[in-house]
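Undergrad: Under our numbering, the letters of the sequence shown match residues -12 to 330, in that order. From the three backbone atoms N, C-alpha and C, an ideal C-beta is built for every residue, glycine too. I'd like to ask you about the structure that follows.
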Amino acid sequence: MKFCKKYEEYMQSQQNEKKYKLPGVGFKNLKKILKRCRFNEASSSVLLLDDNILDHHPSSDINQNNNNNTCIHSCPVCDGSFFPSLMKEMSMVVGCFNERAQKVLDVHLATGFRKYLVWCKDKFQGNHGAFIQEGKDLVGYAVINAIAMRKILKKYDKIHDSKQGQAFRSQVQSMHLEILQSPWLCELIAFHINIRDMKTDIEKGSELFEGCSLIFSDGKPSLSCELSDAVKLEIDLTCSICLDTVFDPVYLTCGHIFCFMCACKSGSVTIVDGLKATDPTAKCPLCREAGVYQGSLHLDELNILLSRSCPEYWEERLKTERAERIRLTKEHWESQSRAFLGI
């Protein structure tokens, strides 16, 4: 079965099951755009050769452009329709995925009266299997849309004999619209491992996906996950600041993971104020991208996974972190008191 048909059947089945429309990549429409582009390009080439016009598509220019791995001719169809449409669709897909994943994980992490409210609001009604299945569906949704994007961009490059599709994918990644870069996918992987290791009858056997594990190589932790034959993820869990396993991990919008206290120090803010108080011009200590702190996300499921997987290290780190947090909090409030009293 061709991927286009497989993709459409998958999206239709998900919409029928969930009773609401899920955004997706308009794979069929994008292929039509590329077919028109190929037809127009071929027609233009024939006309130019018939009229002996060498200003637009001479063979020397074609060879030169092929060597430069760029589009053979400036294509208003692709420039005006293909890339903008794909960008909009991927933005909607990532937004939907993040929103639904957040709700699923809120259900799992909620406690007390808040847990009851979340159950009722999301209509899971205490059914553990329902929100585990929702997590599984979300992972499948992320994977098939990631594959759809890769395939349509690969087709673009094949038709145009270019690398503009690859360049567009790099641009999407730099804008953090690549769904496989989503921190919520990292959280779902940790969620899966946490659920898998639970020994309750309700959750036993209700796994999200196979081939997913927390591994330690030379003492360095990472999340390894084989989501499909075409999609494999390897997420490094070493903090680049303290060079140790991330503790109380936070995910910056640039895609890098740090310890919360390390991130606060690099952002020149106190743990009391938090990362939201970081200067908008503050840069990631690793990639030097600015404005990455305000949209940071605490990876709570990952925090639970690491605390269970390396308890001795976690207990030792917890003691030192607690003492350091008490000291920093005391210094913060003392400075606030002196400022209030004008001392």
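Quick check: C199 and I182, are their CB atoms within less than 8 Å of each other?
TA: To locate residue 199, count along the sequence shown from 1; it is residue 212. To locate residue 182, count along the sequence shown from 1; it is residue 195. No. Outside cutoff.
Undergrad: With a 10 Å radius around its C-beta and 16 neighbouring C-beta atoms as the bar for buried, classify D235 as buried or exposed.
TA: The count along the sequence shown starts at 1 and reaches residue 235 at position 248. Buried, because 16 or more other Cβ atoms sit within 10 Å of the Cβ of D235.
Undergrad: Where Q1 and I134 are concerned, what is the direct C-alpha to C-alpha distance, given to the nearest angstrom?
TA: Taking the sequence shown and counting its residues from 1, one reaches residue 1 at position 14. Taking the sequence shown and counting its residues from 1, one reaches residue 134 at position 147. Cα to Cα, Q1 sits roughly 17 Å from I134.
Undergrad: Determine the DSSP secondary structure at P10, reduced to helix, strand or coil.
TA: Start at 1 with the first residue of the sequence shown, and residue 10 comes out as number 23. DSSP places P10 in coil when its eight states are reduced to three.
Undergrad: Mapping the DSSP letters down to three states, classify F245 as helix, strand or coil.
TA: For the purposes of this step, residue 245 is taken as the residue at position 258 of the sequence shown. Residue state, collapsed to three classes: strand.
Undergrad: Within this structure, are the beta carbons of L220 and L167 separated by less than 8 Å?
TA: Translated into the one-based positions of the sequence shown, residue 220 becomes position 233. Translated into the one-based positions of the sequence shown, residue 167 becomes position 180. Against a cut-off of 8 Å, the Cβ pair of L167 and L220 comes out as a contact.
Undergrad: Does the structure place the region 279 to 296 close enough to the region 253 to 269 that three or more beta carbon pairs sit under 8 Å?
TA: Cβ pair count under 8 Å is three or more, so yes.
Undergrad: Kindly indicate which three-state DSSP category S294 falls into: helix, strand or coil?
TA: Mapped onto the sequence shown, residue 294 falls at position 307. DSSP places S294 in helix when its eight states are reduced to three.
Undergrad: Between C173 and T232, is the Cβ-Cβ spacing less than 8 Å?
TA: Sequence index remark: in the sequence shown, residue 173 carries index 186 (1-based). Sequence index remark: in the sequence shown, residue 232 carries index 245 (1-based). Going by C-beta atoms, C173 is not nearer than 8 Å to T232.
Undergrad: Taking only the alpha-carbon atoms, compute the straight-line gap between S147 and M136 and give it to the nearest angstrom.
TA: What you label residue 147 is simply residue 160 of the sequence shown in a count that begins at 1. What you label residue 136 is simply residue 149 of the sequence shown in a count that begins at 1. The identity of residue 147 in the sequence shown is His, whereas the question assumes Ser. Rounded to the nearest angstrom, the two C-alpha atoms are 17 Å apart.
Undergrad: Could you say which of V159, I258, A154, I131 lies nearest to A217 if we only look at CA atoms?
TA: Residue mapping note: residue 217 aligns to position 230 of the sequence shown, counting from 1. Closest by alpha carbon: I131.
Undergrad: Can you tell me which residues form a DSSP beta bridge with A277?
TA: Residue 277 sits at position 290 when you count from the first residue of the sequence shown. DSSP, once it has assigned bridges, lists K270 as partnering A277.
Undergrad: Leaving aside the five residues before and after C241 along the sequence, list all residues of the same chain whose C-beta is less than 6 Å from its C-beta, in chain order.
TA: Residue 241 sits at position 254 when you count from the first residue of the sequence shown. Contacts found: C271, C274, E276, V279.
Undergrad: What number of angstroms, rounded off, separates the C-alpha of R256 from the C-alpha of R325?
TA: Position 269 of the sequence shown, counting from 1, holds the residue named residue 256. Position 338 of the sequence shown, counting from 1, holds the residue named residue 325. It is Val, not Arg, that sits at residue 256 in the sequence shown. Those two C-alpha atoms are separated by around 18 Å.
Undergrad: Since I believe L214 is in contact with Y128 (beta carbons under 8 Å), could you give me their beta-carbon distance rounded to a whole number of angstroms?
TA: As a working mapping, residue 128 is identified with position 141 in the sequence shown. As a working mapping, residue 214 is identified with position 227 in the sequence shown. In fact, because the Cβ distance is near 11 Å, the residues do not count as touching under 8 Å.
Undergrad: Cα-Cα, which of R304, F155, A88 is closest to C229?
TA: Along the sequence shown, one-based indexing puts residue 229 at 242. Answer by Cα proximity: R304.
Undergrad: Taking C226 and C212 to be in contact with their CB atoms under 8 Å, please state how far apart those CB atoms are, rounded to whole angstroms.
TA: On the sequence shown, position 239 is the one that residue 226 refers to. On the sequence shown, position 225 is the one that residue 212 refers to. So it is not a contact: roughly 20 Å between Cβ atoms.
Undergrad: Can you tell me which of the three DSSP states I222 falls into?
TA: Start at 1 with the first residue of the sequence shown, and residue 222 comes out as number 235. Note: I222 maps to strand in three-state DSSP.
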